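Trainee:
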Amino acid sequence: MLELRLVQGSLLKKVLEAIKDLVNDANFDCSATGFSLQAMDSSHVALVALLLRSEGFEHYRCDRNLSMGMNLNNMSKMLKCAGNDDIITIKADDGSDTVTFMFESPNQDKIADFEMKLMDIDSEHLGIPEAEYQAIVRMPSSEFARICKDLSSIGDTVVISVTKEGVKFSTRGDIGTANVVCRQNTTVDKPEEATVIEMQEPVSLTFALRYMNSFTKATPLSGTVTISLSSDLPIVVEYKIAEMGYIRFYLAPKIED
Amino acid sequence: VSQQRQITSFFSPG
Chain P
70 MLELRLVQGS LLKKVLEAIK DLVNDANFDC SATGFSLQAM DSSHVALVAL LLRSEGFEHY
130 RCDRNLSMGM NLNNMSKMLK CAGNDDIITI KADDGSDTVT FMFESPNQDK IADFEMKLMD
190 IDSEHLGIPE AEYQAIVRMP SSEFARICKD LSSIGDTVVI SVTKEGVKFS TRGDIGTANV
250 VCRQNTTVDK PEEATVIEMQ EPVSLTFALR YMNSFTKATP LSGTVTISLS SDLPIVVEYK
310 IAEMGYIRFY LAPKIED
Chain Z
-3 VSQQRQITSF FSPG
């Protein structure tokens, strides 16, 4: 028996919008730790890892570890039927081939339940080792989204370089080139407006902008984004989900032939 | 020409 009650149901709606275009089908894993997901895109270039900790739910009952295979597009269709202020409860019985999403309006005058068919998904779980990153950049998520969108109108790939001068995003295409440099800036009114660069050593890596733009669909989840870079490791683009956990996107770099 | 690497060449099952 599984019953997870999330008062801020809009978080789950936003999570689905953030990942449904990257991943088609995924197993949601439920354990005492929380509600989590790890999945790769169909070309195995990007990986998404989601954690919503059990403490973040108003009610969290998970009698035994459960893995539920869901089509994310179908799940998104169902969650779009929940109001932004609704409380969402996820329910499943042991051995059932369905999951139920229950939506309650804030004043309890409307209660809806949507039952969705589960699916068997054969996916392998990857071990993500702890790594020391050469550079970690924290910046406003809206700024990062803007840069990725702007650069993708010029080129297909972005070179992200961190030096002591700052973080540089560069692209080139048929019509020309573009460079955006963000310097460390901590003299801002609100902490989420800061750009903070922690660099152990300079690093420069190339990534496909198509994936970066897909990751920025998580922007509504967090005011800041943290980008971790190391030579010969996938980049990590992390959006913290307030008091609940995170959504992390990993993207393998492109290398010169 | 740059070549796209895959996640599975960095992270292993487990």
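Chains as they are written, first to last, in our numbering: chain P, 70 to 326; chain Z, -3 to 10. All C-beta atoms in this analysis are idealised placements derived from N, C-alpha and C, irrespective of residue type, glycine included. These numbers come from a predicted model, not from an experiment.
Report the start-end ranges of each alpha helix (DSSP H) in the region 248 to 295 of chain P that is 4 residues or longer and not cut off at the edges.
Mentor: DSSP runs (the alpha helix (DSSP H)) wholly in the region 248 to 295 of chain P: 278 to 284.
Trainee: Under 8 Å: do the region 246 to 259 of chain P and the region 301 to 321 of chain P share three or more Cβ pairs, one atom per stretch?
Mentor: As far as the Cβ criterion goes, the region 246 to 259 of chain P does not touch the region 301 to 321 of chain P, which means the pair count is below three.
Trainee: List in chain order: all unbroken alpha helix (DSSP H) runs of 4+ residues lying wholly within the region 178 to 253 of chain P.
Mentor: Runs found: 210 to 221.
Trainee: Cβ closer than 8 Å: which chain Z residues qualify as neighbours of E193 (chain P)?
Mentor: Near E193 (chain P) (Cβ distances below 8 Å), the residues of chain Z are P9.
Trainee: To which residues does DSSP link S(-2) (chain Z) through a beta bridge?
Mentor: Note: S(-2) (chain Z) sits in a beta bridge opposite P:E325.
Trainee: Should V76 (chain P) be flagged as near chain Z, meaning a C-beta pair shorter than 9 Å?
Mentor: False, the Cβ-Cβ gap to chain Z never drops below 9 Å.
Trainee: Give me the DSSP bridge partner(s) of E173 (chain P).
Mentor: Partner(s): P:I156, P:I180.
Trainee: For a contact defined as C-beta to C-beta under 8 Å, what are the partners of M281 (chain P) on chain Z?
Mentor: Simply none; closest approach about 13 Å.
Trainee: Ordered along the chain, which non-local residues of its own chain (more than five positions away) have a Cβ less than 6 Å from that of S297 (chain P)?
Mentor: Y202, I205, V305.
Trainee: With 9 Å set as the bound, which would you pick, yes or no: does the beta-carbon of I223 (chain P) sit closer than that to a beta-carbon of chain Z?
Mentor: Closer than 9 Å: no.
Trainee: Apart from the five residues on each side of it in sequence, which residues of its chain come closer than 8 Å, Cβ to Cβ, to T167 (chain P)?
Mentor: Cβ neighbours of T167 (chain P) beyond the five flanking positions: A161, E184, M185, K186, L187.
Trainee: Can you say whether C150 (chain P) is buried or exposed, counting buried as having 16 or more other CB atoms within 10 angstroms of its CB?
Mentor: Its Cβ having fewer than 16 others within 10 Å, C150 (chain P) is exposed.
Trainee: For A324 (chain P) and R133 (chain P), I'd like the C-alpha separation in whole angstroms.
Mentor: Position check: residue 324 (chain P) holds Ile in this sequence, whereas Ala was assumed. The alpha-carbon atoms of I324 (chain P) and R133 (chain P) are separated by roughly 43 Å.
Trainee: From E193 (chain P) to V114 (chain P), what does the alpha carbon distance come to, in whole angstroms?
Mentor: Rounded to the nearest angstrom, the two C-alpha atoms are 15 Å apart.
Trainee: Applying the criterion that 16 or more other CB atoms from any shown protein chain within 10 Å of the CB defines a buried residue, is N153 (chain P) buried or exposed?
Mentor: Burial call: exposed.
Trainee: Are any of the Cβ atoms in chain Z nearer than 9 Å to that of M185 (chain P)?
Mentor: M185 (chain P) does not count as touching chain Z.
Trainee: So which residues of chain Z does H113 (chain P) contact, with C-beta pairs closer than 8 Å?
Mentor: Here the neighbours are Q2, I3, T4.
Trainee: Distance cutoff 9 Å, beta carbons only. Does G152 (chain P) sit that close to anything in chain Z?
Mentor: Not closer than 9 Å to any Cβ of chain Z, the Cβ of G152 (chain P) fails to qualify, so no.
Trainee: Nearest by alpha-carbon distance to G292 (chain P): which of P:M208, P:G242, P:G314 is it?
Mentor: For G292 (chain P), the nearest C-alpha among the options comes from P:M208.
Trainee: For S210 (chain P), count neighbouring C-beta atoms within 10 Å of its own C-beta (all shown protein chains included) and say buried if the count is 16 or more, exposed if not.
Mentor: By the neighbour-count rule (16 or more Cβ atoms within 10 Å), S210 (chain P) is buried.
Trainee: Over the uninterrupted alpha helix (DSSP H) stretch that includes S79 (chain P), give me the two end residues.
Mentor: Unbroken alpha helix (DSSP H) run through S79 (chain P): 79 to 88.
Trainee: When burial is assigned at 16 or more other CB atoms within 10 Å of the CB, is A311 (chain P) buried or exposed?
Mentor: With fewer than 16 other Cβ atoms within 10 Å, it is exposed.
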